[in-house]
Amino acid sequence: MAASEKDSRPFRAIIVGGGIAGLFMAHALEAAGIDYVLLERALEPVEERGAGFGLWPQNFRVVDQLGMLEDIEKLGSEFKWTYNFNPDGSPVANASNNFEKLTQRAGYGFTIFRRSEFLRGVYDKLPNKSKFVTGMALERIEQDDKGVKVFLKDGSMEAGDIVIGTDGVHSQVREFMWKHANGVRPGAIPAQEKMSFTSEYRCLYGVSKMVPGLQKSSLIDCNDKHCNWLLFSCEDRIFWLFFEKLGKSFNCQNCHRYSESDAVAVGEKYLSHPINGTVMWRDIWENRIQYHLGPIEEGVLNQWHFGRIVLAGDSAHKMTPNLGYGGNQGIESVVVLANGLNRLIKRCETVGRRPSTEELSAVFDEYKEIRYPRAKKHHDLTGYITRFDAYDGFMYPTLQWLMPRITGKEYMINLFVELVRPGRKLDFLDERVRRRGTMKWEDELTMDEKKQLQGRTMSKSVLFGIAGAAGTVVMASCLYHGISPLPGFHV
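Quick note, the numbering used here runs 161 ahead of the 1-based positions in the sequence shown.
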């Protein structure tokens with residue numbers, strides 16, 4: 162069938178939000194040869210917001226595919242060691258080099274960046290920066306079976322085929338999607354869906370100059386009742402997060418917005434608290450360079466798309482930052498979405514047309530079907546770890562001491578491997594992956610290898626259940642498989 166005049170123009174995606182997920186979406190579409198524009202509300206492509214960002218190996222593989230590996234790696238600090246400390250600064254257990262082992266197995270390490278420097282590095286590698294448009298505040302979104310129109314507050318309009326909302330946990334794209342869905346089909350988005358994101362903790366995060374007494378290239382984890390410190394010590398600076406439990410759970414539409422004086426009050430509240438045997442929180446706080454206090458949102462939506470609008474990253478799934486997995490899950494979502502779009506668009510191009518709304522919805526359905534279980538698993542796991550590290554339960558202090566003594570030396574590295582192994586790659590750029598570790602990625606395993614791996618993890622689960630005392634190792638096994646470890650536990 163000959164293409165109509167309207168069909169003769171190429172498929173065009175409109176990305177809203179230029180954070181981590183949005184930038185990787187732009188890179189993925191660029192690599193696939195798919196036209197796009199990225200609309201960012203801020204006046205600059207990269208702003209000095211946030212503190213640190215940790216990139217896990219599965220997404221370094223994507224960075225490698227996109228030809229950015231060396232340029233991005235040199236911006237960060239790869240981690241090797243982990244240290245855990247009790248409230249009095251004494252060690253919970255011996256230091257572990259699990260991050261170093263992870264690098265050996267995956268071929269890529271866990272690396273911490275200053276968030277703005279990471280974003281700048283990824284932005285600088287965009288081949289066509291004219292497609293990244295700043296100062297673009299949304300007015301409204303319209304869609305029909307022919308395409309989408311995004312109207313902006315400066316009076317301009319962008320037309321395309323789909324809108325990809327990568328505009329964060331307080332997504333405007335999501336609001337427009339909900340409004341459109343309920344207008345087309347009343348009740349399509351139930352009230353409960355709009356309450357999906359909640360907050361039970363707040364986080365003071367920042368950057369400080371390096372202080373004596375901290376091991377470099379290390380993660381330092383210090384726990385106490387209803388609060389927890391995570392410090393990432395680099396060569397000349399420290400990225401840190403301080404978590405504190407709130408008095409109750411809030412829906413994110415009603416989350417408190419904190420002032421600088423609020424942040425200072427929280428920072429000065431614990432000045433005499435030990436971090437390890439020689440360093441106090443005072444030492445970190447008084448050497449601060451940058452800091453911010455905000456709520457920690459948690460939640461996973463059930464509805465990730467409607468019509469020609471689809472969500473990716475924090476707009477669809479938001480998790481606590483204890484594992485540094487929020488932005489990484491956003492990249493994983495972008496990869497799966499880009500793969501599906503590329504297959505559909507290339508298929509339609511062979512017959513000279515653009516995809517229909519029904520075809521796009523099928524791709525979005527597949528994307529959500531692939532990504533939801535893994536996003537939900539990591540949401541639950543990180544939420545559990547947040548509470549575990551903050552002794553948010555009567556048994557957690559005991560478990561903190563027991564876990565490293567019961568689970569064995571290889572438990573945590575195996576957990577890390579099984580967390581990163583399923584990460585997807587851009588399936589249209591296979592040949593560009595150049596760095597290898599000792600493990601195989603899930604998409605490289607044969608059916609027999611997958612069965613063997615499943616058998617080994619099941620055997621470990623059985624052994625844990627037999628050896629467990631008072632459910633301790635059953636809980637560890639649940640952690641391994643990303644299953645809720647306590648009856649009725651939810652985040």
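No residue lacks a Cβ here, since even glycine has one placed at the ideal position from N, Cα and C. Predicted model, so just to flag it, every value in this text is computed and none were measured.
| Asked | Found |
| --- | --- |
| Classification of T227 by the beta-carbon crowding that lies within 10 angstroms, buried from 16 upward | In the sequence under discussion, the amino acid at residue 227 is Leu, which differs from the Thr named in the question. It counts as buried. |
| Residue closest to E520, alpha-carbon to alpha-carbon, out of F467, K262, W446 and E201 | F467 |
| Nearest candidate by alpha-carbon position, reference T295, set R346, V207 and A352 | V207 |
| Distance between beta carbons of I546 and F393, contact taken as under 8 angstroms | Not a contact, Cβ separation roughly 16 angstroms. |
| D382 - partner residues in DSSP beta bridges | N245 and L391 |
| Own chain, CB closer than 8 angstroms to R535, minus 5 neighbours either side, in chain order | Q490, E493 and P583 |
| Rounded Cβ spacing between S360 and E458 (contact assumed at less than 8 angstroms) | 5 angstroms |
| Buried versus exposed call for H417 [16 or more other C-beta atoms within 10 Å across all chains shown] | exposed |
| Element boundaries [alpha helix (DSSP H), containing Q226] | P218 to Q226 |
| A193 - containing alpha helix (DSSP H), residue span | I181 to A193 |
| Alpha carbon of E261 to alpha carbon of T559, nearest angstrom | 27 angstroms |
| Endpoints, the beta strand (DSSP E) within which F403 is located | R398 to N412 |
| Same chain, Cβ closer than 7 angstroms to V577, five either side skipped, listed in chain order | Here residue 577 is Phe; the residue named in the question, Val, does not match the sequence. These residues qualify, in order along the chain: N259 and L263. |
| Which listed residue (Q464, M186 and I450) has its alpha carbon closest to that of N503 | M186 |
| Buried versus exposed call for I436 [16 or more other C-beta atoms within 10 Å across all chains shown] | buried |
| Inter-residue CB distance, L454 and D475 (contact presumed, cutoff 8 angstroms) | Actually they do not touch by this definition, with Cβ atoms about 18 angstroms apart. |
| Local Cβ density within 10 Å of L204, reported as buried at 16 or more and exposed below that | exposed |
| Beta carbon of F246 nearer than 7 angstroms to that of C383 | yes |
| Close beta carbons around G374, own chain, < 6 angstroms, minus the five adjacent residues each side | T439 and V440 |
| Entirely enclosed beta strand (DSSP E) segments - the segment 318-346, minimum 3 residues | 318-321 and 323-326 |
| CA-to-CA distance, Y452 to F400, given in whole angstroms | 10 angstroms |
| Three-pair Cβ contact test at 8 angstroms for the segment 191-204 versus the segment 279-299 | yes |
| Straight-line gap, S169 to L472 (C-alpha atoms, nearest Å) | 27 angstroms |
| Proximity below 7 angstroms, CB of Y197 to CB of I176 | yes |
| Residue from Q414, G179, S410 and F404 whose Cα sits closest to the Cα of K430 | F404 |
| Which of helix, strand or coil DSSP assigns to G178 | coil |
| Assigned secondary structure, C416 (DSSP; H/G/I helix, E/B strand, else coil) | coil |
| C-beta atoms of V524 and G501 nearer than 7 angstroms | yes |
| Local Cβ density within 10 Å of T481, reported as buried at 16 or more and exposed below that | buried |
| Option in G460, F240, R585 and L614 with minimal Cα separation from S410 | G460 |
| R222 vs K586 beta-carbon contact at 7 angstroms | yes |
| E396 versus C388, D385, N389 and M371, residue with shortest Cα-Cα distance | M371 |
| Reduced DSSP category for Y533 - H, G, I as helix; E, B as strand; rest coil | helix |
| Whole-angstrom C-beta distance between S379 and Y572, which should lie under 8 angstroms | With a Cβ gap of about 19 angstroms, Y572 and S379 do not count as contacting. |
| Which listed residue (H188, M600, G428 and L498) has its alpha carbon closest to that of E530 | L498 |
| Buried versus exposed call for S369 [16 or more other C-beta atoms within 10 Å across all chains shown] | buried |
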